[in-house]
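Below: one structure, written as structure tokens.
Chains as they are written, first to last, in this note's numbering: chain A, 548 to 1184; chain B, 76 to 450.
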């Protein structure tokens, strides 16, 4: 067996072995489900699948980007242009424009491109990441057609006093990372400031199988530099009120290397500047909870390439978001929620004829019914959105969650979703090769899912298994195509997309003397295709969406030692209708040791990425790093 | 021993006693049995060796692929089997060809494949398609031509013609020409280069002396000289696409437009001796000459049909009523092959017509086919 087959074998072995280990556990404990910051009304939609990235894995990827984390520890397909390069995602076969990214309640999706660069987001600046796959347009509007990623930064009001930490890491290929933070917490006020800096050369050597004689090349012009600041405050107002402010700034400069088949060195680079300012106020009375939030989001993307005749673009987008939510519990059986959203988006780009604005209003609500002591729960959600003077399709959903027996739940959801055209689709000016289409309609469609979860609870551990089946159908899909008349590219609403699949997730935690073992494993099967209504033809599997995706992690803490192994398998995927990328597996090992003193806690760690030194590609033409190491130390005062 | 705080950090609710876990060894034995099955499966799937194919008596189809998609390829249409084999470079060499494959030229038993956005020319055996070498140092190359002694590559990226040593595949010289050099032809030991202007507009044909690799002159013709052929009298015919400028706003009106034209150059004194307007408002971009010296033009997204240009009365007759991204003439039969580029994410196709315009066959090929070269 060659290396990757060994890796594949161990991956499958892991999937087989760990459920069996769980079956051997005779007693049970309870695994709590706590939702992330910014989730609408503080509760997830009844019947929807939802999972969080566990804190140990979070720590393992602390110095990496969100793209690294999601690629290896979720069922999300991440399309990355090499290390540190532009990374976009696909949930359940949708495209990046079909997934919402919600940070502390605000959508971070760029209204111009519809996506977001997950390489530009440092994990160390986020306190929690959770994922809700499936259509959720009713609560989160356009962009949540195939799933949502929640990013949260949390503060707590408790008497902890001053706290500070410093984390530094040195890694292969000229990568250095440092984060320092300082904070204060009391019963009435909490504040935190975090500063981060990361730089990487990414000048690794790799066997270039895309060139004649497969030479060993060194990746050039692939360095990056990321500076980040986050400042948060939380203030208690009155007996029941809280006001939280968040300010977040990220500057990300990335040199873009040539394709691996290219014999000329690139000079292209991209600089992202992201500013997010958010205010969240919440208060409650006996049966009423009110949340008010306002946010300002600023995204600037500057791209420069002096090859050929030179390309220089400067895209700037500003969004102002205001929201109000109210939750009213009539009694334990009946709960009603309602909300209103106002979003104002302003964009400027050399690609547009002029600066462009879009104003959106939305009304949304939810009604929850819980009967038989919460054993049966139903919910109905709906949303109506107005864009300019255009009324968008009314969307709604029905969800249920039924407790069949203690710890065994059946759940399901049927939801209508929609996705607005992005600004590039609408406003791109004629440039000789492409032009936008201001007459585009919104995409719309249906999402159905059903599943069950079961928990074992013991006095020494806990095991949870969950399986979900889904079907997702989108009409009026927006795709850029060459116009038959003049050959220029323009977006049109003609085709349909259908995705169906199954997701299985399991998790177990159990205690050993002087320690703890935690195991997680996930598998997804995704069948996603585009149906051409005009020619009645069907595409291959959608590009960069593997049919099979699996990962597992096993972590053990024993006395002061921490050890985690993560293994991820990515099935073969298409990158167009004719060509495929080979399947591959990646292994990551984390070894940590903690020194505890009365006034300082020191954690040191060694992390080995791509431990089996697999040669792989996520996208054709983009090199990926071989085995590499990171050594870090973290001080907490 | 970890503190309770540490364990809480792991999201575990700790209201229970520590106990040892008992493994069920029977279950593990069964799993090891499954393991054996998987080992046999993985060991049995070994790599299969390709049977050697000879790519003769057919036509190479150049599939551009999508920009930055790394999915350009070459397909082969086999006359005998009347079928197409796709991705023959990958099949024979087990690697991708590159990004935006622009053209292939067959000369001296070799295939010179110009890969525009990979800044290279791959050299293969024209029969087995096994890789022989690569030409580096060419910036945004478009086409390759040879006089038997040297190879010449038109380079869009730096407006040069690169001179290639055919023995070593090294660049030996560089000749500056006008903007956006593309198609070339050789006549009377001179290289004629059509300069399309690249991202802008040009109207020059550059003439290079092949005895000393020096630019003789630039000849002004119509806007966007997109193709160039040599006729049986060793004179040069040039197809000029014309110039079209669109307004930036929906419905994107045409603000400026010049006619598409044919020019003829006498290669003895390099003077323009004929000029014919083809269309005031239509813009073909490819020109071909058949084995009997007849001119055909057509191709390009904006243009419908393939036309024969009658050299006796300078009139055009439509031979094929079809949209073609590109077209070429089979020198042995004068059959007309047209390419349909499609969506650049899925298979394109080619159609084969007889010289009098009867459809003989349609075949799927790679992504974004732009031309056909016969072998």
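Every residue gets a Cβ at the ideal spot worked out from N, C-alpha and C, and that includes glycine.
On a predicted model such as this, the values are computed, not experimentally measured, just so you know.
Ignore the nearest five residues each way along the sequence and tell me which others in residue i's own chain have a CB closer than 6 Å to its CB.
{"i": "residue 710(A)", "result": "730"}
{"i": "residue 1148(A)", "result": "1183"}
{"i": "residue 713(A)", "result": "727, 1182"}
{"i": "residue 1062(A)", "result": "1104, 1105"}
{"i": "residue 1134(A)", "result": "1114, 1158, 1159"}
{"i": "residue 887(A)", "result": "871, 910"}
{"i": "residue 905(A)", "result": "892"}
{"i": "residue 1229(A)", "result": "Here chain A has residues from 548 to 1184 only, and residue 1229(A) is not among them."}
{"i": "residue 815(A)", "result": "803, 852"}
{"i": "residue 984(A)", "result": "1037, 1038"}
{"i": "residue 868(A)", "result": "653, 842, 890"}
Can you grab the Cα-Cα spacing for the pair residue i / residue j, in whole Å?
{"i": "residue 245(B)", "j": "residue 281(B)", "result": "23 Å"}
{"i": "residue 1178(A)", "j": "residue 1153(A)", "result": "5 Å"}
{"i": "residue 308(B)", "j": "residue 300(B)", "result": "21 Å"}
{"i": "residue 444(B)", "j": "residue 203(B)", "result": "21 Å"}
{"i": "residue 736(A)", "j": "residue 778(A)", "result": "14 Å"}
{"i": "residue 1086(A)", "j": "residue 403(B)", "result": "29 Å"}
{"i": "residue 1128(A)", "j": "residue 872(A)", "result": "45 Å"}
{"i": "residue 293(B)", "j": "residue 418(B)", "result": "37 Å"}
{"i": "residue 378(B)", "j": "residue 290(B)", "result": "33 Å"}
{"i": "residue 175(B)", "j": "residue 216(B)", "result": "10 Å"}
{"i": "residue 490(A)", "j": "residue 659(A)", "result": "No statement about residue 490(A) is possible, as the shown extent of chain A runs from 548 to 1184 and does not include it."}
{"i": "residue 644(A)", "j": "residue 853(A)", "result": "29 Å"}
{"i": "residue 1109(A)", "j": "residue 609(A)", "result": "15 Å"}
{"i": "residue 1077(A)", "j": "residue 1131(A)", "result": "25 Å"}
{"i": "residue 89(B)", "j": "residue 1055(A)", "result": "Legend: pLDDT at residue 89(B) = 31, less than 50; position of this residue unreliable, value from coordinates given subsequently. For residue 89(B) and residue 1055(A), the distance between alpha carbons rounds to 14 Å."}
{"i": "residue 181(B)", "j": "residue 242(B)", "result": "16 Å"}
{"i": "residue 250(B)", "j": "residue 237(B)", "result": "6 Å"}
{"i": "residue 119(B)", "j": "residue 271(B)", "result": "Bear in mind that the predicted position of residue 119(B) carries a pLDDT of just 45, short of 50, making it too unreliable to give a figure here."}
{"i": "residue 591(A)", "j": "residue 597(A)", "result": "8 Å"}
{"i": "residue 439(B)", "j": "residue 422(B)", "result": "6 Å"}
{"i": "residue 1165(A)", "j": "residue 155(B)", "result": "39 Å"}
{"i": "residue 807(A)", "j": "residue 166(B)", "result": "19 Å"}
{"i": "residue 683(A)", "j": "residue 1102(A)", "result": "32 Å"}
If residue i sits next to residue j, beta carbons under 8 Å apart, how far is it from one beta carbon to the other, in whole angstroms?
{"i": "residue 721(A)", "j": "residue 743(A)", "result": "At roughly 17 Å, the Cβ-Cβ gap does not stay under 8 Å, so residue 721(A) and residue 743(A) are not in contact."}
{"i": "residue 448(B)", "j": "residue 151(B)", "result": "Rounded, the Cβ-Cβ distance is 10 Å, inconsistent with contact."}
{"i": "residue 627(A)", "j": "residue 1113(A)", "result": "About 17 Å separates the two Cβ atoms, so there is no contact after all."}
{"i": "residue 317(B)", "j": "residue 358(B)", "result": "5 Å"}
{"i": "residue 940(A)", "j": "residue 989(A)", "result": "7 Å"}
Just to confirm before moving on: does the CB-CB distance between residue i and residue j stay below 8 Å?
{"i": "residue 864(A)", "j": "residue 897(A)", "result": "no"}
{"i": "residue 538(A)", "j": "residue 587(A)", "result": "No statement about residue 538(A) is possible, as the shown extent of chain A runs from 548 to 1184 and does not include it."}
{"i": "residue 799(A)", "j": "residue 819(A)", "result": "yes"}
{"i": "residue 890(A)", "j": "residue 913(A)", "result": "no"}
{"i": "residue 362(B)", "j": "residue 302(B)", "result": "yes"}
{"i": "residue 1058(A)", "j": "residue 1107(A)", "result": "no"}
{"i": "residue 1080(A)", "j": "residue 1042(A)", "result": "yes"}
{"i": "residue 1171(A)", "j": "residue 630(A)", "result": "yes"}
{"i": "residue 1161(A)", "j": "residue 1120(A)", "result": "no"}
{"i": "residue 689(A)", "j": "residue 966(A)", "result": "yes"}
{"i": "residue 718(A)", "j": "residue 647(A)", "result": "no"}
{"i": "residue 261(B)", "j": "residue 222(B)", "result": "yes"}
{"i": "residue 693(A)", "j": "residue 641(A)", "result": "yes"}
{"i": "residue 1069(A)", "j": "residue 622(A)", "result": "yes"}
Excluding the 5 residues preceding and the 5 following residue i in the sequence, name in chain order all residues of the same chain whose CB lies nearer than 8 Å to its CB.
{"i": "residue 211(B)", "result": "194, 195, 246"}
{"i": "residue 321(B)", "result": "327, 328, 329, 330"}
{"i": "residue 787(A)", "result": "830, 831, 832"}
Which residues in the same chain have their Cβ closer than 7 Å to the Cβ of residue i, if we skip the five residues on either side of it in sequence?
{"i": "residue 214(B)", "result": "194, 230, 232, 233"}
{"i": "residue 275(B)", "result": "254"}
{"i": "residue 614(A)", "result": "625, 627, 634, 665, 666"}
{"i": "residue 559(A)", "result": "Bear in mind that a pLDDT of 45 at residue 559(A), under 50, signals an unreliable position, so the number given afterwards is only what the model happens to contain. Here the set comprises nothing."}
Would the segment 426-443 of chain B and the segment 395-415 of chain B be scored as touching if the rule is three or more Cβ pairs under 8 Å? yes
Counting pairs of beta carbons, one from the segment 129-148 of chain B and one from the segment 162-181 of chain B, are three or more of them closer than 8 Å? yes
Please determine if the segment 761-772 of chain A and the segment 649-663 of chain A are in contact, where contact requires at least 3 C-beta pairs separated by less than 8 Å. No, the segment 761-772 of chain A does not touch the segment 649-663 of chain A.
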